[in-house]
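Just below is one structure, and these are the notes that go with it.
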DNA sequence: CATTTACGTTTACGCATGTAAACAATAAGG
DNA sequence: CCTTATTGTTTACATGCGTAAACGTAAATG
C-alpha cells in the first residue's frame, strides 16, 4: 500500500488545515480544530474530514500517540506554493510572465530587504536573460502567432 | 435579469476556452472547437458546454450573427490573471510574498526588457517599502506570532 | 422539397470539494 | 465500573467541474 504521492493537489479548504500544520510543525487535531473553528467558523467535523483527506492523499503524516495522532506536514509549504504558482504561469503566454510578475510586485507591500534581494536576483538573471522570451502557446490560443505571417 | 458578475471564477477547462477567445478577440464556436479539439483532444460537445457555461457566468459575450454566435471576452485576461495570482497570496503569510516573487523570478525565463522593467518598478517601490511587512495571518496559522512572546 | 449539416440547448454522469452528522472506540472522571 | 468526553472513521449530501451524448432547429445542399 502507500503510493507515494509526489504532489497531491491541495484544495482551498485543505490549505487552511495545512497552514496550521505548517505553522506548528506538530499538532493534534484538537489544535487544528480550534484554530479553524475560530478563523473559518468550521464545525469540528469539517476539520476532521479535511485532516483525514490530507492524510489519505499523503500531504500529512501521522504519528500515533496513545489513542490520538500527532499530525505533521509531509510536503513543504514552499513546494506547495510553487506548484500553485506554476499553475498560473501555465495559463498564460510565456511572453507575459514578466508582466505578471510586474503586476504582482506593484500590488504588494515589500520590505526594503525584499526589494534588495529581488534586485540581486534580477542582477543575476541578466546572465541568463534572452532577447525575447518565446511563446509556447498552442496555435489559436495566443496572438503571438499572428506575427508569423506568410506560410 | 442578468446579474453582473464582476469576477466569475474561471476553471481550468474554461480557461482553455478563454485563451482562444482572448487571442482572437471575436470567434465563432467553430474556431474554439477546432482549436481545442487539437490542443486538448476535446470532443465538440465538451467545448460547447464550456462556452455555454462561460456565457452563463458572464465571462463571455455573444453577438448573434445569423443563426450563430460570435463570442467575445467580457473580462480581460489581465484581470483574470490578477485574480488568480491574488489567490496565491491569500494563502501565504504576507511576510513571505517577497520570497515567493523571488522563486517565481528564479524559475522563469525573462527577457532583458523584462528585467529592466522590473528593476524600474522595484526602484519605485522603494518609496513605499516598509521596514518589515506585517503578518496578517490568523493566530495559529503562521509562526510569526511566536515572536510576540509575553502576553 | 428532402436530407444532411451545423450549431446552440438540455440532459447526463462520475468524481472532487465543502460542509457536516453519525458512529465507534477508547480514555477520563466520578 | 458506568458515564461522559475525546478523537478517529464512516456516511451523507449538495454543488462544482470535466467530459460528453442527445436533441431541436435552422441552414445548406442535392
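Residue numbers (the working numbering), protein chains in the order written: chain G, 1 to 151; chain L, 1001 to 1151.
A virtual CB, placed ideally from N, CA and C, is assigned to each residue, including glycine.
To the nearest angstrom, how far is the alpha carbon of residue i from that of residue j?
i, j, result
"residue 1039 of chain L", "residue 1029 of chain L", "15 Å"
"residue 1132 of chain L", "residue 115 of chain G", "11 Å"
"residue 1045 of chain L", "residue 1080 of chain L", "25 Å"
"residue 1103 of chain L", "residue 1017 of chain L", "29 Å"
"residue 1003 of chain L", "residue 1126 of chain L", "Low confidence applies here, because residue 1003 of chain L scores a pLDDT of 45, under 50, leaving its location unreliable; read the following figure in that light. Straight-line Cα distance between these residues: approximately 41 Å."
"residue 1088 of chain L", "residue 1066 of chain L", "43 Å"
"residue 41 of chain G", "residue 1101 of chain L", "31 Å"
"residue 134 of chain G", "residue 36 of chain G", "44 Å"
"residue 1031 of chain L", "residue 1015 of chain L", "15 Å"
"residue 1143 of chain L", "residue 25 of chain G", "10 Å"
"residue 85 of chain G", "residue 53 of chain G", "23 Å"
"residue 962 of chain L", "residue 1108 of chain L", "Because chain L is modelled from 1001 through 1151, residue 962 of chain L falls outside the range shown and cannot be assessed."
Which residues in chain G have a C-beta closer than 9 Å to the C-beta of residue i? List them in chain order.
i, result
"residue 1019 of chain L", "91, 92, 93, 137, 138, 140, 141 and 142"
"residue 1066 of chain L", "Those within 9 Å of residue 1066 of chain L in chain G number zero; the least Cβ separation is about 23 Å."
"residue 1085 of chain L", "85, 88, 100, 103, 104 and 107"
Would you say residue i reaches chain L, if we count a Cβ-Cβ gap shorter than 8 Å as a contact?
i, result
"residue 108 of chain G", "yes"
"residue 47 of chain G", "no"
"residue 70 of chain G", "no"
"residue 42 of chain G", "no"
"residue 79 of chain G", "no"
"residue 53 of chain G", "no"
"residue 56 of chain G", "no"
"residue 131 of chain G", "yes"
"residue 122 of chain G", "yes"
By DSSP's criteria, residue i is part of a beta bridge. Which residues make up the other side?
i, result
"residue 63 of chain G", "G:70"
"residue 1130 of chain L", "G:111"
"residue 1032 of chain L", "Answer is none; residue 1032 of chain L lacks a bridge partner."
For chain G, find out if any of its Cβ atoms is closer than 8 Å to the Cβ of residue i; answer yes or no.
i, result
"residue 1035 of chain L", "yes"
"residue 1028 of chain L", "no"
"residue 1148 of chain L", "The pLDDT assigned to residue 1148 of chain L is 47, lower than 50, so where the model puts this residue is not dependable, and the model offers no usable value."
"residue 1075 of chain L", "no"
"residue 1119 of chain L", "yes"
Within this structure, are the beta carbons of residue i and residue j separated by less than 8 Å?
i, j, result
"residue 91 of chain G", "residue 136 of chain G", "no"
"residue 128 of chain G", "residue 1129 of chain L", "no"
"residue 119 of chain G", "residue 1120 of chain L", "no"
"residue 60 of chain G", "residue 13 of chain G", "no"
"residue 141 of chain G", "residue 1023 of chain L", "yes"
Could you list which residues in chain L have their beta carbon closer than 8 Å to that of residue i, in chain order?
i, result
"residue 127 of chain G", "None at all; the shortest Cβ gap to chain L is about 10 Å."
Which chain L residues sit within Cβ distance under 7 Å of residue i?
i, result
"residue 23 of chain G", "1140, 1141, 1142 and 1143"
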